[in-house]
Amino acid sequence: MKRFTDFVKSSVPGVTVILVALLSHPSVIATAQTLPSGNESSTNTANSEQWQTAYVLGAGDRIQVTAFEAPNYSGEFLVLPDGSINLPRVGNVAVRGLTLEETASEISRHYAVFLRRPSVTINLIALRPVRIGIAGEVNRPGTYALNAAGDAGGETVFPTLTEAIDLAGGITARADLRQVQVRRQLINGESNTIYVSLWDLIQTGDLSKDVILQGGDTVLIPTAQALTPAEAVQLSTASFAPDTIRVYVVGEVVEPGAVEVPPNTPLNQALLAAGGFDRQRAAMRAVNLVRLNPDGTASQRRVEVNFNQGIDEESNPILVNNDVIVVNRSGITRFTDGISPVLNLIDDIFGFFN
1 MKRFTDFVKS SVPGVTVILV ALLSHPSVIA TAQTLPSGNE SSTNTANSEQ
51 WQTAYVLGAG DRIQVTAFEA PNYSGEFLVL PDGSINLPRV GNVAVRGLTL
101 EETASEISRH YAVFLRRPSV TINLIALRPV RIGIAGEVNR PGTYALNAAG
151 DAGGETVFPT LTEAIDLAGG ITARADLRQV QVRRQLINGE SNTIYVSLWD
201 LIQTGDLSKD VILQGGDTVL IPTAQALTPA EAVQLSTASF APDTIRVYVV
251 GEVVEPGAVE VPPNTPLNQA LLAAGGFDRQ RAAMRAVNLV RLNPDGTASQ
301 RRVEVNFNQG IDEESNPILV NNDVIVVNRS GITRFTDGIS PVLNLIDDIF
351 GFFN
């Protein structure tokens, strides 16, 4: 398999600058991993209420402690770096690793020294940033911090799977949304995997598929084996798809270089976005399409150009991020470019003698 640079350098002279710009910001696509399967219950997505019940406190969380009929013992408290909160008259109480219900019981136990039958409730005001990893068919795989937010009704809006994908630059055109994997570390140190079909979210609007993420989760977006043109259109219009992708049109076009186009853009449209063929110099019958592979190699194919052709995998394929379209010189252009230095030299010689 040829390296990516071999394809481009052998096709069109003078595209080194374009190539450097492309390779300095590659879309890194992680190799798909085999993750352990979870049990049947792990496949059921939790709603916000269930998630808050299971949430365990950690440094950076902010909670509201309400002691019934005891306002002096109530208030907002930040979980400190050592995992404790500082309560009135009581001092530091360790809450790291406790659920909200367990925290209420622990605070009630301490308040019982000062209050008769204390009744304590805990509300989560602000969550610490949720750090997650995301790999596979997204444009910027890596580690990200997600923050919870509050809605108009004062309810906590927890970070979700689609929010993480959006933060990672959106999905690529090769994403398999039917087999998204969320790997989660459990309290006992074991790991579990949740399998999610975001395709159902696109098709039916089923919000239960938009899994709420927890700190330490790892998201893997696998590569689809094949997509129909109709599926590609739906994929590109998903809310977590990128607004644009970048492709490169080099060689004999009016405006060679990087072109920002919407996802699901076919080859013909990208050629037109670059101003179309330079009709004095271009070989207009066919172009070369170079595509970067996950392992750093590249594949090249020849595409016959027909501007009347609709989307078609053979003659007008849908482009993906960082694709390169190479428009070669026509035969006559190569000939004249080759003899131009000779003619210039002859002119210089005769000019010298004259």
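Numbering-wise, the sequence shown is residues 1 to 354 according to my numbering.
Cβ atoms here follow ideal geometry from the backbone N, Cα and C, with glycine treated the same way.
Just so you know, these numbers come straight off a predicted model, no measurement behind them.
Closest option to Arg-329, judged by alpha-carbon separation, among Asn-321, Val-254, Asn-308: Val-254. Secondary structure note for Glu-260: its beta strand (DSSP E) is the uninterrupted segment 257 to 261. Taking each of Thr-244, Gln-214, Met-284, Gly-142 in turn and checking the Cα distance to Asn-322, the smallest one comes out for Thr-244.
If you look at Ile-63, you'll find it in the beta strand (DSSP E) that goes 62 to 67. Per DSSP, the beta bridge partners of Leu-220 are Ala-135, Gln-181. If you draw a straight line from the Cα of Pro-118 to the Cα of Tyr-73, it comes to about 10 Å. Close CB contacts of Val-138 within its chain, under the 8 Å cut and outside five residues either way in sequence, are with Ile-165, Ala-168, Gly-169, Gly-170, Ile-171, Thr-172, Ala-175, Ile-221 (chain order).
Exclusion of the five residues before and after Asn-316 leaves Pro-266, Leu-267, Asn-268, Gln-309 as the residues of its chain whose Cβ lies within less than 6 Å of its Cβ. Here Gly-133 is not near Val-196, since their CB atoms are 8 Å or more apart. Exclusion of the five residues before and after Leu-186 leaves Asn-192 as the residues of its chain whose Cβ lies within less than 7 Å of its Cβ. According to the DSSP assignment, Glu-304 belongs to the beta strand (DSSP E) that extends over 298 to 304. For Asn-288, the enclosing beta strand (DSSP E) starts and ends at 286 to 292.
Distance check between Ile-194 and each of Ile-63, Gly-97, Leu-213 places Leu-213 closest, using alpha-carbon atoms only.
Judged by DSSP in its simplified three-state form, Leu-98 adopts coil rather than helix or strand.
Asn-306 sits exposed, since fewer than 16 C-beta atoms from the chains shown fall within 10 Å of its C-beta. Excluding its 5 nearest sequence neighbours in each direction, Glu-260 has C-beta neighbours in its own chain below 8 Å: Thr-244, Ile-245, Arg-246, listed in chain order. If you look at Thr-162, you'll find it isn't in any beta strand (DSSP E); it sits in the alpha helix (DSSP H) that goes 161 to 167. With 16 or more other Cβ atoms from the protein chains shown falling within 10 Å of its own Cβ, Gln-181 counts as buried. Only residues of its own chain outside the window of five on either side were considered, and among them Arg-302, Val-303, Glu-304, Val-305 have a CB closer than 7 Å to the CB of Ala-286, listed in chain order.
Taking C-alpha positions only, Gln-203 is separated from Pro-263 by approximately 18 Å. Burial is judged here by how many other beta carbons sit within 10 angstroms of a residue's own beta carbon; Ala-274 has at least 16 and is buried. By the criterion of a C-beta distance shorter than 6 Å, Val-327 is surrounded in its chain by Gly-251, Glu-252, Val-253, Ala-282, Val-287, once the five residues flanking it on both sides are discounted. Of the residues Tyr-111, Leu-57, Ala-59, Gly-276, the one whose Cα lies closest to the Cα of Glu-69 is Tyr-111. Asn-264: not part of any beta strand (DSSP E); DSSP gives it neither H nor E. If the five residues before and after Ala-59 are omitted, its C-beta is found closer than 8 Å to the C-beta atoms of Val-79, Leu-80, Pro-81, Asp-82, Gly-83, Arg-96, Arg-128, all from its own chain and listed in chain order. Using a Cβ distance threshold of 8 Å, Val-120 and Val-65 count as a contacting pair.
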